Amino acid sequence: EPEVTQTPSHQVTQMGQEVILRCVPISNHLYFYWYRQILGQKVEFLVSFYNNEISEKSEIFDDQFSVERPDGSNFTLKIRSTKLEDSAMYFCASRAVWELFFGEGSRLTVL
Amino acid sequence: SQQGEEDPQALSIQEGENATMNCSYKTSINNLQWYRQNSGRGLVHLILIRSNEREKHSGRLRVTLDTSKKSSSLLITASRAADTASYFCATDGDGGFKTIFGAGTRLFVKA
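Right under this line is the structure:
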């Protein structure tokens, strides 16, 4: 069964460092998303991406965040200068119609 | 905001009992979805109900939608220990590019 894959599964970084989280969405999906979940809390929408551009972003998705689809398969989230409060699980999701398919997440720990 | 908000926040029941979770939202929707998340894992889609539907079934799941009250409920019948997870409702809002999740209900089913 096709699945969304995310790498790395866990990344530890120092505050102020840049981080890139990678996702390979399901191949025939056209809509891509990043969500964030701080431990035990709600799943927060960050950004959606369609037709090679951002379609929606939340107030969390400020200038330190960026997304890119560098080739036909990868979808990346970059955090330019990480802060302690960026520590969270980051989930990538993709969809063809309405149902979102999620990856298993990348756990980011900022020290 | 348009978020779905679930209640209760946590629910503990015995195996074999039914579990009911409720969700309220604020804006108009095209559809409402329910997802499940096992601890630390990605979310998994359970069921989608369209705004013109009032009730939908899938196996042991029954979802209702009341657009006049902007609310939905998820009923899991004959619960099993394996149903222990967090359950989230999600709404698409206008435009459909911003699927927003509620805070979730943590369900614990005791064997």
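Here the protein sequences come in this chain order: G and Z.
Residue 1269 in my numbering sits at position 70 of the first sequence, and the numbers go up by one each step.
Residue 58 in my numbering sits at position 57 of the second sequence, and the numbers go up by one each step.
Ideal Cβ placement from N, Cα and C applies to all residues, glycine included.
Computed from a predicted model, the values in this text were never measured in an experiment.
Checking contacts by CB at 8 Å: is residue i closer than that to chain G?
i	result
residue 18 of chain Z	no
residue 37 of chain Z	no
residue 15 of chain Z	no
residue 3 of chain Z	The predicted position of residue 3 of chain Z is uncertain, since its pLDDT is 41 and thus under 50; a value taken from the coordinates is nonetheless stated next. Residue 3 of chain Z does not count as touching chain G.
What do you reckon, are the CB atoms on residue i and residue j nearer than 8 Å?
i	j	result
residue 32 of chain Z	residue 74 of chain Z	no
residue 44 of chain Z	residue 108 of chain Z	no
residue 7 of chain Z	residue 98 of chain Z	no
For residue i, which of the options has the nearest alpha-carbon?
i	options	result
residue 67 of chain Z	Z/61, Z/29, Z/81 and Z/112	Z/29
residue 48 of chain Z	Z/39, Z/34 and Z/40	Z/34
residue 1219 of chain G	G/1257, G/1236, G/1255 and G/1265	G/1265
Kindly indicate if chain Z contains any beta-carbon less than 8 Å away from that of residue i.
i	result
residue 1223 of chain G	no
residue 1264 of chain G	no
residue 1247 of chain G	yes
residue 1284 of chain G	no
Mind reading off the beta-carbon distance from residue i to residue j? Whole number of angstroms is fine, and I expect it under 8 Å.
i	j	result
residue 42 of chain Z	residue 1303 of chain G	6 Å
residue 9 of chain Z	residue 106 of chain Z	6 Å
residue 19 of chain Z	residue 76 of chain Z	6 Å
Leaving out five residues on either side along the sequence, give the residues of the same chain with a beta carbon under 7 Å from the beta carbon of residue i.
i	result
residue 1227 of chain G	1295
residue 1211 of chain G	1308 and 1310
Tell me which residues share the same chain as residue i and place their Cβ nearer than 6 Å to its Cβ, disregarding the 5 neighbours each side in the sequence.
i	result
residue 1293 of chain G	1203, 1224, 1225, 1228, 1231 and 1300
residue 1267 of chain G	1275
residue 1235 of chain G	1243, 1245, 1287 and 1289
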